[in-house]
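The next block holds one structure in the form of structure tokens; read it before the comments.
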Amino acid sequence: NAGVMQNPRHLVRRRGQEARLRCSPMKGHSHVYWYRQLPEEGLKFMVYLQKENIIDESGMPKERFSAEFPKEGPSILRIQQVVRGDSAAYFCASSPRGSGANVLTFGAGSRLTVL
Amino acid sequence: DAKTTQPPSMDCAEGRAANLPCNHSTISGNEYVYWYRQIHSQGPQYIIHGLKNNETNEMASLIITEDRKSSTLILPHATLRDTAVYYCIVRADGSSNTGKLIFGQGTTLQVKP
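Chains as they are written, first to last, in my numbering: chain W, 48 to 162; chain X, 35 to 147.
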């Protein structure tokens, strides 16, 4: 039973390029969460999605960042026109539901470096 | 969700029990206490959670005070691989909660040989 799969594990982009990070949740999980961890900082919530719906995007930067979780396929975190400040580890987590006692399972993360 | 307070760092000798405290004095009746840890550069890992009663699993024990205003995570026999940042998170149950976890600064546990 594979856990939460994130790819790529490492991504290098030049300023102004686009970054796409993918997350496949655990089997049977229909809720996906994205977190960002800047160097030497804590984990910051970005967005919470269910299939085809964004439930909570209160942690998403207003510009350049978007997320989706289509009916088929992985969840995608997209960063347009990347800047050096976007360099961070991006972690995806999934859970079987959104409420109640709810354990999140995290992936190994995608590390974005912007040159 | 209620705020939690943890010491920024702790040391523990290898093989001894590590007791990590967490204060959550404003916790509500429907809020669970969760513990996660993050070993350097890895994704956070779930450890244990509880509502009112003490809990134990293969990784750790969670002791919640009767008034639920504080809790302690116990790693019974700490190893060097337990060196990590440990996060205590209080999260509400209920339909109004979106399911997200809010991570604070946590406690950096250093297990020493």
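For each residue, glycine too, the CB sits at the ideal point set by N, CA and C.
The alpha carbon of residue 142 of chain W has as its nearest neighbour, out of W/70, W/76 and W/69, the alpha carbon of W/76. The Cβ atoms of residue 114 of chain W and residue 123 of chain W lie closer than 8 Å to each other. Counting C-beta atoms within 10 angstroms of its own C-beta, residue 63 of chain W has fewer than 16 neighbours from the protein chains shown and is therefore classed as exposed. Residue 136 of chain X is not a Cβ neighbour of residue 103 of chain X, given a cutoff of 8 Å. Neighbours of residue 160 of chain W across chain X, judged by C-beta separation under 8 Å, do not exist; the nearest C-beta is about 14 Å away. In this structure, the alpha-carbon of residue 95 of chain X lies about 15 Å from that of residue 123 of chain X.
For residue 131 of chain W, the secondary structure class from DSSP, reduced to helix, strand or coil, is helix. Of the candidates X/47, X/100 and X/43, the residue whose Cα lies closest to the Cα of residue 86 of chain X is X/100. Under the criterion of beta carbons closer than 8 Å, residue 153 of chain W and residue 51 of chain W qualify as touching, at roughly 6 Å. Distances from the CA of residue 107 of chain X to each of X/73, X/143 and X/115 were compared; the closest alpha carbon is that of X/143. In the structure shown, residue 58 of chain W falls within a strand segment according to DSSP collapsed to helix, strand and coil.
Counted as a single uninterrupted DSSP element, the beta strand (DSSP E) harbouring residue 124 of chain W occupies residues 122-126.
For residue 115 of chain W, the enclosing beta strand (DSSP E) begins and ends at 112-115.
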